[in-house]
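The sequence shown maps to residues -28 to -1, 1 to 163 in mature numbering (1 follows the signal peptide of the UniProt record, and there is no 0). Every residue gets a Cβ at the ideal spot worked out from N, C-alpha and C, and that includes glycine.
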Amino acid sequence: MNPRCHCSKLRLSLFFLLFSLYPLSLFARPFVLVLSQDDLKDAQTDDVSPLDSDSSWDDDDFGGSHVKSDDELDPGSWRRLFEPASTSTTTSSFSSDDNAALQFYYDAVDKIISASTTGDARLMEEAASEIQMAASTVGDPHARSVLGFLYGMGMMRERNKAKALLNHYFAAQGGNAQSMMALAYTYSRQD
């Protein structure tokens, strides 16, 4: 290979490399941070004070004695189905009617998981009917959320976005976190 040709290719590739990186430097803005001695002294005294003595810290949702368990934050979570040993099933803050509704919901969700694992369409239809019964008779918000998902995806139910939105709306009103996120996503996608 001709050394002159190799050198010109190297120069050309170096030129294109530098030229392609040049516009990136145009977007970087230089800034100057000016700190006085007073600013540094104030920062040192702020670090020494504990967070508990700060009155604004009591109003924050970060830490403190008002920390809630995962079951209290999202009682309809499927976590206890997938990790039964690591989660506690204590629902002392719920009434016995709530416990029965949650147990009915979890039995139906367990059937859905079993049916999807084995590919049993009959069991899936039975589980979807139980979810619909829990959503319509008991009014369980977590069952409404799953029913909204089934209508939205067209699984075991005819796909119907209006019914999906309606079920997610009532589930979100009942406190279901997944339906709140589904509604937020639906609202953000509107034009």
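For residue i, name the three-state secondary structure that DSSP assigns.
i	result
ARG116	helix
MET125	helix
GLU130	coil
SER160	helix
SER108	helix
PHE76	helix
PHE3	coil
ASP92	coil
SER86	helix
SER8	coil
If you follow the alpha helix (DSSP H) that residue i is part of, which residue opens it and which one closes it?
i	result
ALA143	133 to 145
GLU55	Looking at the DSSP string, GLU55 is not in any alpha helix (DSSP H), and its letter there is neither H nor E.
If residue i and residue j are in contact, beta carbons under 8 Å, what's the gap, nearest whole angstrom?
i	j	result
SER101	SER151	SER101 to SER151, Cβ: 20 Å. No contact.
Identify, in the order they occur along the chain, each residue of the same chain with its Cβ nearer than 8 Å to the Cβ of residue i, setting aside the five sequence neighbours on each side.
i	result
LEU(-19)	none
LEU(-17)	none
Kindly list the residues whose CB is nearer than 6 Å to the CB of residue i, restricted to its own chain and excluding five residues on each side of it in sequence; keep chain order.
i	result
GLN75	none
HIS114	GLY48, TYR77, ASN148
TYR123	ARG129, ASN132, LYS135, ALA136
ALA107	ALA115, ARG116, LEU119
Please confirm if residue i has its CB atom under 9 Å from at least one CB of chain C.
i	result
ASP11	Within the model displayed, chain C is absent; a lone protein chain is all it includes.
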